[in-house]
Ligand SMILES: Nc1ncnc2c1ncn2[C@@H]1O[C@H](COP(=O)(O)OP(=O)(O)OP(=O)(O)O)[C@@H](O)[C@H]1O
Ligand SMILES: [Mg+2]
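Chains as they are written, first to last, in this note's numbering: chain A, 1 to 314; chain B, 315 to 605.
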């Protein structure tokens, strides 16, 4: 009896499952790759078409930028001056050739702005998470609190986060705390609601099993309910981040503070009518939001769900 | 007569057994517990229901006895088990385990649930270890007990696997091991094999029987399957529904493991089945008349 295959059914279970899984992968990987190549090609073609139309008909680049203008603006914010957007002449792209103008910089604004926004996000999101997790768990534990706050939170969650800005300005003034207030209020309701909903899906049998196995009082929370709530936590974390990020960008756009975040750069672009910078900052925002969502929160969620055998749903 | 029919039977000592001398290692060093379970006048009515789920049940499970409860769906079998487990409170009556009243869930009455209830965030061995950790058993001893338990359920190499990586039958075995390592006085099993296929069931019956013969635990077992009941039980309790009472008891004095081709077993199966069918018919008739 030194092997699990004492029981024929268990012995056969594995070989049946494994080949199926690998066959599946093999069948998927090739179409998967060609699919991505196709997608990339289409995007590339669109970019070429877009850029080409600017080059040929010289369309109004101050109303909407060509890809090359966006590249210039981005590099400019990184402290590198280029003229990709200029007509192809001698010295392109390092020397000015045409008439296209954007805010002269030579200063690495973008990394600074990302750092400023990052710090704000870290602080604000931590506060929002702490509040959201606390209230989500409290609402799950005490049904009265849920009856009291649940509908309110659902309502507040529908309020676009920039709508908190006037209130934040009037209560706290134009300063860092007001930005944090917008961020926190814009995201923690969503976290709390998502967590409560997730906690409700914990099968009651875990609690019963825990009690039977002598996990009483705080132990029940620490060793049973807390780990059982991990999938719910992971999705509420992800949900909370996307709300927090959007709130922060909105708040920074409106607040003109000394510490210049990404939203501030966006607004500067508007003030100087530099549409290339506006689009460049927007792309950076999207890229950061997506990267963090994909590579941090989706990963956490996937791992937890895998562990629980819930199959990744991203 | 081998099959005795007892109405409100007085406690009888358990049937003859064939004990195989197998060494389970660390599991054997645990001192055996008597595990005599006494239910007296036990009653429970859920709020907003017309009939009591359990009414005036008197039942004594002798130390080491294998008692199987059968009955139609909704007659109160799970309620009975949950009462003993301490998951729900009774309205009236007493539950005594070795003369001590039961008030809350605890590791002396380990339960195997129908849907295993293993923790998916832990591996199989961590699940088995869980109760030991909670009761403060030192790490080295835990390790030994878990290893012994894994061998006992014939899964010595699957300890590192996560729950969703195990088959249904393996999960139930892990659930049984998780309950057994605690050295409970009574093992409660609520339709533990209901969701498994026939072959796996038969295998697990053999294993449960083997475990029972080895460890001598008192087992209170709920099932829908008459075959399962007759295979395992020292005594079969057929419940009456609405209100949940004991309808009839069958004391089975046949030795284990039982020969299913023998006429006695055949008779017994027929008798128990008849009893349950009568109960279902009675309950249906009552329901139709009542409406
Ligand atoms: N938590 C509860 N609240 C209210 N009524 C309940 C509750 N649990 C069980 N009941 C009722 O008590 C009766 C007995 O239920 P129980 O679950 O014990 O039946 P059972 O014999 O285990 O049935 P099955 O074989 O289908 O599992 C049923 O009528 C059921 O509706
Ligand atoms: Mg039941």
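Beta carbons: idealized from backbone N, C-alpha and C, even for Gly.
Is any beta-carbon of chain B found at less than 8 Å from that of residue 79 of chain A? For this step, residue 79 of chain A is matched to residue 79 along the first chain. Not closer than 8 Å to any Cβ of chain B, the Cβ of residue 79 of chain A fails to qualify, so no.
*Which residues of chain B have a Cβ atom closer than 9 Å to the Cβ of residue 211 of chain A, listed in chain order?*
Taking the first chain and counting its residues from 1, the one referred to as residue 211 of chain A is at position 211. For residue 211 of chain A, the C-beta contacts it makes with chain B under 9 Å involve 399, 400, 401, 418, 419, 420, in order along the chain.
DSSP state of residue 161 of chain A, grouped into three classes? Position 161 of the first chain holds residue 161 of chain A. Correct three-state label for residue 161 of chain A: helix.
Quick check on the contact list: which residues have their beta carbon closer than 5 Å to a heavy atom of ligand 1? Residues lining ligand 1 by the Cβ criterion, that is a Cβ closer than 5 Å to any of its heavy atoms, are B:360, B:367, B:387, B:388, B:389, B:390, B:391, B:392, B:393 in chain order.
Q) Okay, do the segment 500-509 of chain B and the segment 534-547 of chain B touch, 3+ Cβ pairs below 8 Å being the bar? A) Between the segment 500-509 of chain B and the segment 534-547 of chain B, the count of C-beta pairs closer than 8 Å reaches three or more; the two stretches touch.
Worksheet item: Taking 7 Å as the cut-off, is the CB of residue 542 of chain B close to at least one heavy atom of ligand 2?
Response: Here residue 542 of chain B corresponds to residue number 228 of the second chain, with the count starting at 1. Every heavy atom of ligand 2 is 7 Å or more from the Cβ of residue 542 of chain B, so no.
> Mind checking whether the beta-carbon of residue 505 of chain B lies closer than 7 Å to any heavy atom of ligand 4?
Replying inline: Absence of ligand 4 is noted for the structure shown, with ligand 1 and ligand 2 being the only ligands found.
Worksheet entry | CB-CB length for residue 165 of chain A against residue 182 of chain A, believed under 8 Å | The count along the first chain starts at 1 and reaches residue 165 of chain A at position 165. The count along the first chain starts at 1 and reaches residue 182 of chain A at position 182. Contact holds; Cβ gap of about 6 Å.
task: Below 6 Å CB to CB, which residues in the same chain sit around residue 199 of chain A once its five sequence neighbours on both sides are set aside?
output: To locate residue 199 of chain A, count along the first chain from 1; it is residue 199. Excluding positions up to five away in sequence, the list reads 140, 229, 232.
For this session: Whole angstroms is fine: what's the gap from residue 521 of chain B's alpha carbon to residue 558 of chain B's?
Result: Start at 1 with the first residue of the second chain, and residue 521 of chain B comes out as number 207. Start at 1 with the first residue of the second chain, and residue 558 of chain B comes out as number 244. When rounded, the distance between both Cα atoms is 31 Å.
| task | Can you give me the Cβ contacts of residue 146 of chain A inside the same chain, cut-off strictly under 8 Å, excluding the 5 residues immediately before and after it? | result | As a position in the first chain, residue 146 of chain A is number 146, starting the count at 1. Answer for residue 146 of chain A: 139, 140, 196, listed in chain order.
message: Would residue 117 of chain A and residue 262 of chain A qualify as a contact pair, given that the criterion is a beta-carbon distance under 8 Å?
response: As a first step, residue 117 of chain A is located in the first chain; it is residue number 117 there, counting from the start. As a first step, residue 262 of chain A is located in the first chain; it is residue number 262 there, counting from the start. The beta carbons of residue 117 of chain A and residue 262 of chain A sit closer together than 8 Å.
- Can a CB atom of chain B be found closer than 8 Å to the CB of residue 205 of chain A? Looking up residue 205 of chain A in the first chain gives position 205. Using a CB distance cut-off of 8 Å, residue 205 of chain A counts as an interface residue toward chain B.
Residue 441 of chain B in three-state terms, based on DSSP: Here residue 441 of chain B refers to the residue found at position 127 when the second chain is read from its first residue. Here DSSP, grouped into helix, strand and coil, assigns residue 441 of chain B to helix.
Practice item. Between the Cα of residue 435 of chain B and those of B:349, B:475, B:381, spot the shortest distance and give me the residue it belongs to. Key: Residue 435 of chain B sits at position 121 when you count from the first residue of the second chain. Comparing Cα-Cα distances from residue 435 of chain B to each of B:349, B:475, B:381, the minimum goes to B:475.
inquiry  = By alpha-carbon positions, which one of B:437, B:494, B:445 ends up nearest to residue 462 of chain B?
reply    = Sequence index remark: in the second chain, residue 462 of chain B carries index 148 (1-based). Checking every option, the nearest Cα to that of residue 462 of chain B belongs to B:494.
Q) At which residues does the beta strand (DSSP E) containing residue 566 of chain B begin and terminate? A) Against the second chain, residue 566 of chain B aligns to sequence position 252. Under the DSSP assignment, residue 566 of chain B falls in the beta strand (DSSP E) whose first and last residues are 559-566.
Q. Applying a beta-carbon distance threshold of less than 8 Å, which residues of chain A neighbour residue 535 of chain B?
A. By 1-based counting over the second chain, the position of residue 535 of chain B is 221. Correct list: empty, because the minimum Cβ distance to chain A is about 16 Å.
Using a Cβ-Cβ distance cut-off of 8 Å, determine whether residue 424 of chain B contacts chain A. As a position in the second chain, residue 424 of chain B is number 110, starting the count at 1. Cβ-Cβ to chain A under 8 Å: yes for residue 424 of chain B.
| message | For residue 404 of chain B, which residues in the same chain have their Cβ closer than 7 Å to its Cβ, ignoring the five residues on either side in sequence? | response | Position 90 of the second chain, counted from the start, is the residue given in the question as residue 404 of chain B. 356, 357, 358, 397, listed in sequence order.
message: Let me see if you follow: with CB-CB separation under 8 Å, is residue 527 of chain B close to chain A or not?
response: Here the question's residue 527 of chain B lines up with position 213 in the second chain. Not closer than 8 Å to any Cβ of chain A, the Cβ of residue 527 of chain B fails to qualify, so no.
Considering only their Cβ atoms, is the gap separating residue 438 of chain B from residue 472 of chain B smaller than 8 Å? Counted from its first residue, the second chain places residue 472 of chain B at position 158. Counted from its first residue, the second chain places residue 438 of chain B at position 124. Yes; because the gap between Cβ atoms is below 8 Å, this pair is in contact.
Task: Test: residue 309 of chain A CB closer than 8 Å to a CB of chain B - done: If you number the first chain from 1, residue 309 of chain A lands on position 309. Yes - at least one Cβ of chain B is within 8 Å of the one on residue 309 of chain A.
Problem set entry | Sequence-distant residues of its chain with Cβ nearer than 6 Å to residue 389 of chain B (five each side left out) | Taking the first residue of the second chain as 1, we reach residue 389 of chain B at position 75. Taken in chain order, the residues that qualify are 553, 555, 558.
| Under three-state DSSP, which class holds residue 374 of chain B? | Taking the first residue of the second chain as position 1, residue 374 of chain B is located at position 60. Of the three classes helix, strand and coil, the one that applies to residue 374 of chain B here is strand, per DSSP.
| Selection of the segment 436-449 of chain B by Cβ proximity to chain A, strictly under 7 Å | The residues in question are 444, 445, 448, 449.
Query - Three-state secondary structure assigned by DSSP to residue 510 of chain B - result: Position 196 of the second chain, counting from 1, holds the residue named residue 510 of chain B. Residue state, collapsed to three classes: coil.
Worksheet item: How about residue 226 of chain A and residue 193 of chain A: are their beta carbons less than 8 Å apart?
Response: Taking the first residue of the first chain as position 1, residue 226 of chain A is located at position 226. Taking the first residue of the first chain as position 1, residue 193 of chain A is located at position 193. No, the Cβ-Cβ distance between residue 226 of chain A and residue 193 of chain A is not below 8 Å.
Tell me the rounded alpha-carbon separation between residue 160 of chain A and residue 178 of chain A.
In the first chain, the residue the question calls residue 160 of chain A occupies position 160. In the first chain, the residue the question calls residue 178 of chain A occupies position 178. For the pair residue 160 of chain A and residue 178 of chain A, the Cα-to-Cα distance works out to about 16 Å.
Considering only residues of the same chain and omitting the five flanking positions on each side of residue 447 of chain B, which have a CB-CB separation below 7 Å?
-> Taking the first residue of the second chain as position 1, residue 447 of chain B is located at position 133. Excluding sequence positions up to five before and after residue 447 of chain B, its CB lies within less than 7 Å of the CB of 456, all in the same chain and listed in chain order.
May I ask you to report which of helix, strand or coil DSSP gives residue 357 of chain B? Taking the second chain and counting its residues from 1, the one referred to as residue 357 of chain B is at position 43. Note: residue 357 of chain B maps to strand in three-state DSSP.
- Message: Using only CA atoms, which one of B:578, B:560, B:431 lies nearest to residue 567 of chain B?
- Response: In the second chain, residue 567 of chain B corresponds to position 253, counting from 1. Here the closest residue by C-alpha is B:578.
Report task. Note down the Cα distance separating residue 56 of chain A from residue 109 of chain A, rounded to an integer number of angstroms. Result -> In the first chain, the residue the question calls residue 56 of chain A occupies position 56. In the first chain, the residue the question calls residue 109 of chain A occupies position 109. Taking the straight line from one Cα to the other gives about 32 Å.
What is the rounded straight-line gap between the Cα of residue 234 of chain A and the Cα of residue 246 of chain A? As a working mapping, residue 234 of chain A is identified with position 234 in the first chain. As a working mapping, residue 246 of chain A is identified with position 246 in the first chain. The straight-line gap from Cα to Cα measures roughly 19 Å.
_Once DSSP output is grouped into helix, strand and coil, what is the label at residue 535 of chain B?_
Here residue 535 of chain B is taken as the residue at index 221 of the second chain, counted from 1. Per DSSP, reduced to three states, the secondary structure at residue 535 of chain B is strand.
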